[in-house]
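Here is the structure we will look at.
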Amino acid sequence: RNDAAPHRVPRRDRYRFQLRPHNPDHKSPGTKDLVYLESSPGFCEKNPRLGIPGTHGRTCNDTSIGVDGCDLMCCGRGYRTETMFVVERCN
Numbered sequence: 048r049n050d051a052a053p054h055r056v057p058r059r060d061r062y063r064f065q066l067r068p069h070n071p072d073h074k075s076p077g078t079k080d081l082v083y084l085e086s087s088p089g090f091c092e093k094n095p096r097l098g099i100p101g102t103h104g105r106t107c108n109d110t111s112i113g114v115d116g117c118d119l120m121c122c123g124r125g126y127r128t129e130t131m132f133v134v135e136r137c138n
């Protein structure tokens, strides 16, 4: 053993800090989750330079809590719902 060598931290203890989500309503990332250290560009507003089309005018799902949900996709701008009844013939 060489006492002059730098102390090596075991791999499982190397990053022993607790990551917390920016929004407290979201769950903390797990050990297999990918975590970004830099913020991504905003997707709400159109940005042709970065190729971001924006979300204005897109169709969203009022009942979804996923990425297609109106709360997330409309970026807090509010949205209008429309109910459509479709009659289709069966064979």
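To convert, note that position 42 of the sequence shown is 89 in the working numbering; the numbers rise steadily by one, no gaps. The beta-carbon is built from N, C-alpha and C at its ideal position, and this holds for glycine as well. As the structure is a prediction and not an experimental result, all values here were calculated from the model.
I'd like the span of the alpha helix (DSSP H) that includes residue i, first residue to last.
| i | result |
| --- | --- |
| D118 | 117-120 |
How big is the Cα-Cα spacing for residue i and residue j?
| i | j | result |
| --- | --- | --- |
| L66 | T110 | 30 Å |
| C121 | E92 | 10 Å |
| T78 | P68 | 14 Å |
| D72 | G113 | 14 Å |
| Y83 | E135 | 46 Å |
| C117 | Y126 | 7 Å |
| E85 | N138 | 54 Å |
| P76 | F132 | 41 Å |
| R124 | G104 | 11 Å |
| T128 | R96 | 31 Å |
Which partner residues of residue i appear in the DSSP bridge assignment?
| i | result |
| --- | --- |
| I31 | The structure shown does not extend to residue 31, since the chain is modelled only from 48 to 138, so the question has no answer here. |
| N108 | G116 |
- prompt: Which runs of the alpha helix (DSSP H), 4 residues or longer, sit entirely within the stretch 65-89?
  reply: none
Given 8 Å, three or more beta-carbon pairs between the stretch 98-117 and the stretch 81-90: Because the criterion of three Cβ pairs below 8 Å is met, the stretch 98-117 and the stretch 81-90 touch.
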